[in-house]
Amino acid sequence: MGIGLMGRLASSWRKMEMAVNDTVSKSIVGKYFKLEARKTCFTTELRAATATFMTMAYIIAVNATILADSGGTCSQADCSVPENQTAASPDCMFKPNAGYENCVSKTKSDLVVATVLSAMIGSFAMGMLANLPLGLAPGMGPNAYLAYNLVGYHGSGSMSYQTALAVVLVEACAFLVISGLGLRSKLARLIPDSVRLACAAGIGLFISFVGLQIHQGVGLIGPDPSTLVTITACTTTDPLTGACIGGKMKSPTFWLATAGFLITCYGLMKEVKGSMIYGILFTTLVSWIRGTAFTYFPETPLGDSNYNYFKKVVDFHKIESTAGAISFSHFNSRAVWVALATLLYVDLLATTGVLYTMAEIGGFVDDNGGFEGEYLAYIVDSSSTIVGSALGVSPVATYVESSAGMKEGGRTGLTAVFIAAYFFFSLFFTPLLTSVPPWAVGPSLVMVGVMMMKVVKDIKWGDVKEAVPAFVTMVIMPLTYSISNGIIGGVGVHVALSLYDLGLRLIKWLNQMRKMVRNGQNQVSAGAESMVEII
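Read in order, the letters of the sequence shown correspond to residues -15 to 519 in the numbering used here.
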């Protein structure tokens, strides 16, 4: 009897679903998104959006954590002044300081909201204008470059957060012009294939290296005076440098992060959608338990403050520090122009390549190599970065996780609109999203690196001219802690190796010219002799 009841309920559900799908398909919404023309329906698009959001939602906590490592707009002025002193010490940003840590905590909340808003606006625009089932959010790679290369850990880099946002804005405007003129794909083809492929792998290694460190990730790797880096995962570390003081490989948070990493791996092995979210969720939930060795809320003033905000659960946080923080006051410097060129290069390669690949996966590419909505997709992709810079985050890009939704049958922009709706609802859970610890985010950074490494199989390792620039690009990025150094190194080596072929072609051309001149001279001499004989 129970089985019969379940069967009737399932039958009723299918009929209701078919009725809803039929109604929506014939409505203005269905006709606008071309549901019938692309052989999809309302519930399929909703299911596809759910799959995409579950696989890319990790970026909300991950992006905010990475960008907050730079300190954001916080400065020495936000540090608490010790007793018997009139001002905070210049290195207060790198030592435990309640005032500065509180500022960074608030900045992280701002960045969570900014990440959500930029993803929501970008995804919605992609759905409504380009009618493609693609989710957008601040990209992995550019966010690490901004946080660790440009601004530096807690502001130790070559420029302020405000100047870095100005770089992102100018780069986005240039990218929009390039997209508007239809030059995106043409410029991307000028980059050597070996360097282009190695760039993705190098960024993956760089991101993984970040995820393994003490301040930004699981804490497996730390500094060493003899070997520069070494294995740590210690129970006690130097709060300033992260160097191991005692208890190597005994850190409770490291082993908790390892468990979360294995959960993610097991899920991906079985192709479980949202596996990265499940790993982050497990580690985060356990870390929320107070009174443990791995709690994110220790019995300290800052821990108490964070815990009190966490207990609100639902709260709409208003951006206070990052929105509109763009500043051009220190824009004219060498570091700025290098950063501008690097971000533009990464956007040209990464975002253009991902967007085109997603179109191929979705079956949208025609025989001529184009796809419906291509021009508007490029415009939305670049315009979203302008919005992101205004909100205070790194460049926005199309996410490869959109393929998860397309595997579920997503074929129209309605999927992207639903993705935007999911991001909108997440705005109201800022207290939870800002309480995700670094050791919960670190494993996902490592996994992103794993996924980005798969492109190395396409590099022609048997060709030295292709292999050497690729290797230089990949190895320099993590070892110099700089994405731009890797790009410059790879392109430089490729140009240097190309000079050999260029020299050979030049010699060959000169020989040909000499032969032509000699033949011309011989013909002139022969003609002169003939004239003499005639005379």
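Ideal placement from N, C-alpha and C gives every residue a C-beta, glycine not left out.
Per the DSSP secondary-structure output, ALA158 pairs with nothing in a beta bridge. Annotation: the continuous alpha helix (DSSP H) that includes THR399 extends over 397 to 410.
Here the alpha carbons of LEU486 and MET497 stand approximately 16 Å from one another. The Cβ neighbour count for ALA21, taken over all protein chains shown within 10 Å, is under 16; the residue is labelled exposed. When rounded, the separation of the alpha-carbon atoms in LYS302 and LYS295 is 18 Å.
For the pair of segments examined, the segment 22 to 34 was found to touch the segment 383 to 397: the number of CB pairs separated by less than 8 Å reaches three. By a beta-carbon distance limit of 8 Å, HIS314 contacts SER144. Their separation comes to about 7 Å. Approximately 19 Å separates the beta-carbon atoms of GLY123 and VAL420; this is outside 8 Å, ruling out the contact.
Counting the other Cβ atoms within 10 Å of the Cβ of TRP445 gives fewer than 16, which makes it exposed. Judged by their CB atoms, TYR137 and ASP222 are not nearer to each other than the 7 Å cut-off. Straight-line measurement puts the Cα of THR276 at about 13 Å from the Cα of THR219. Burial of THR457 is indicated by the presence of at least 16 other C-beta atoms within 10 angstroms of its C-beta.
Counting every other CB atom within 10 Å of its CB across the protein chains shown gives PRO66 a total below 16, marking it as exposed. In the three-state reduction of the DSSP assignment, PRO427 falls in the helix class. Taking the C-beta atoms as reference points, SER373 is found no nearer than 7 Å to PRO126. Between ALA103 and the set GLY287, SER366, THR237, the nearest pair of CA atoms involves SER366.
For THR414, the enclosing alpha helix (DSSP H) stretches over residues 414 to 417. Segment contact: the segment 413 to 433 against the segment 54 to 65, fewer than three CB-CB distances shorter than 8 Å; contact not assigned.
Under the three-state reduction of DSSP output, ASP350 falls in the coil class, being neither helix nor strand.
Around the beta carbon of TRP(-3), fewer than 16 other beta carbons sit within 10 angstroms, so the residue counts as exposed. Rounded to the nearest whole angstrom, the CA to CA distance from ALA343 to TYR362 is 12 Å. Contact check for PRO117 against THR399 passes: the beta carbons are separated by less than 7 Å. The beta carbon of ALA48 is closer than 6 Å to those of LYS92, LEU95, VAL96, THR99 in its chain, skipping five residues each way along the sequence. Taking 7 Å as the cut-off, the beta carbon of LEU252 is found closer than this to the beta carbon of SER259. Between ALA150 and ILE310, the CB-CB gap stays under 7 Å. When the alpha-carbon of TYR383 is set against those of LEU416, ASP331, GLU450, ASN133, the nearest one is in ASP331. Apart from sequence neighbours up to five positions away, the residues of its chain that approach VAL452 with a beta-carbon distance below 7 Å are VAL477, LEU481, ordered along the chain. Residue range 380 to 382 is occupied by the beta strand (DSSP E) that includes VAL380.
Going by C-alpha positions, TYR262 is about 18 Å away from THR279. Taking ALA307 as the centre and dropping the five residues before and after it, the same chain places the C-beta of ASP94, ALA98, ALA374, LEU375, GLY376 closer than 8 Å to its C-beta, in chain order. Between ALA131 and THR326, the alpha-carbon positions lie close to 14 Å from each other.
Just so you know, the alpha carbons of TRP423 and LYS79 end up roughly 20 Å apart. Between the alpha carbons of LYS499 and LEU490 lies a distance of about 14 Å. Exclusion of the five residues before and after SER178 leaves ILE443, GLU450, PRO453, ALA454 as the residues of its chain whose Cβ lies within less than 6 Å of its Cβ. Looking from the CA of ASN115, the closest CA among LEU360, LEU494, LEU416 belongs to LEU360. ASP75 counts as exposed, since fewer than 16 other C-beta atoms from the protein chains shown sit within 10 angstroms of its C-beta.
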